[in-house]
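Same order as they appear, the protein sequences are chains A and B.
Offset between the first sequence (1-based) and the working numbering: plus 167.
Offset between the second sequence (1-based) and the working numbering: plus 1031.
Note sheet for the following structure.
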Amino acid sequence: MVVHVAVQAAPFDVGVEAERLSALSPLTGGVGLFVGQVRGGQGLRAMTLEHYPGMTEATLHALAQEAQARFDLTGCTVIHRVGRLEVGAGIVFVGAGAAHRGAALTATSFLIDRLKTGAPFWKREEYDDGRTIWVDARETDEEAARAWMNNPTA
Amino acid sequence: MADRVTVLFFAALREQIGQESLSVTIPASGVTVAALRTQIEGANPTIAQALADQPKLRVAVNRTLSTFEQLVTPGDEVAFFPPMTGG
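What follows is the structure in structure tokens.
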């Protein structure tokens, strides 16, 4: 099992990251991927991602280890960008390799659901008219994370 | 050398308070996070207002999510922040 975690300002290459997961083990039968990006609309121009250096990396590593234990992965990758990102830019890459698709896809959902409200990142939106707004945590996101925590065998 | 803890603020809190960290003297035997909060609020009305504006205030002690009942001892790092919004 190979865990790859990065917190970086630079963009990630989805193809390179997918290929890395595919090549990790001959026992890998499938790779699940999720890519989150800055959603535009209603005058949104960009987002700035702030984080808590040190705690962020430790939290992502712990989540990746938990995913491995729950889903018997051959490997997983979490890359999260920080800094100012314009509409359409990638924010987060989550990937999980496993023997079968069920584990790969479920582990991918687990990682992104838990990361959204469990890792110390904060988004500040920036609009065309100059307004800036700190994004509020969505209740649906917190429910999704709680569901994984309340059901440790899923 | 006084017995100190480092207090950090992130995101909307950091912006509203206008600083990202401060050093606070506490008893050598430690205090709870709740008591530390009361102490820094009493010393700074801007911080008191910013913390009061966060109905879902979160806290981490030594980079681990924590409760307000957690004991803090000298040398610890205590971070206050709004709910996290990554991904």
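Glycine is no exception: its CB is placed at the ideal position from the N, C-alpha and C atoms.
- No Cβ of chain A is located within less than 9 angstroms of the beta carbon of THR1077(B).
- Rounded to the nearest whole angstrom, the CA to CA distance from PHE1099(B) to ARG1068(B) is 9 angstroms.
- According to the DSSP assignment, LYS290(A) belongs to the beta strand (DSSP E) that extends over 288-294.
- The shortest CA-to-CA distance from PHE201(A) to any of ILE300(A), TRP301(A), GLY257(A), THR284(A) is the one to GLY257(A).
- If you compare the alpha carbons of ALA1043(B), ALA1042(B), GLY1106(B) with that of SER1060(B), the shortest gap goes to GLY1106(B).
- Excluding its 5 nearest sequence neighbours in each direction, TYR294(A) has C-beta neighbours in its own chain below 7 angstroms: GLY210, LEU211, ARG212, listed in chain order.
- If you draw a 10 Å sphere on the C-beta of THR1095(B), you find fewer than 16 other C-beta atoms in it, and that means exposed.
- For chain B, the residues of the region 236-260 of chain A that bring a beta carbon within less than 8 angstroms of one of its beta carbons are HIS247, ILE258, VAL259, in chain order.
- At a cut-off of 9 angstroms between C-beta atoms, PRO1113(B) counts as an interface residue with respect to chain A.
- Contact holds between the region 172-179 of chain A and the region 243-251 of chain A, because three or more Cβ pairs, one in each stretch, are under 8 angstroms apart.
- Here THR1063(B) has PHE1099, GLU1100, GLN1101, LEU1102, VAL1103 as same chain residues with Cβ atoms under 8 angstroms from its own Cβ, once five neighbours each way along the sequence are excluded.
- Nearest C-alpha to ARG298(A) among MET214(A), CYS243(A), GLU224(A): MET214(A).
- With its beta carbon less than 9 angstroms from one in chain B, GLU217(A) belongs to the interface.
- Using beta-carbon distances, PHE1099(B) does not count as an interface residue toward chain A, since no partner is under 9 angstroms.
- The closest CA to that of LEU1053(B), considering only THR1037(B), ALA1033(B), PHE1041(B), VAL1092(B), is found on THR1037(B).
- If you look at GLN232(A), you'll find it in the alpha helix (DSSP H) that goes 222-238.
- A Cβ-Cβ distance of about 5 angstroms is found for the pair THR1056(B) and ALA1033(B), placing them in contact under the 8 angstroms criterion.
- In the three-state DSSP reduction, ALA1091(B) falls in the strand class (E or B).
- Closer than 7 angstroms at the C-beta level to chain B, one finds these residues of the region 298-314 of chain A: TRP301, VAL302, ALA304.
- Looking at the DSSP output, ARG248(A) sits in a beta bridge with GLN175(A).
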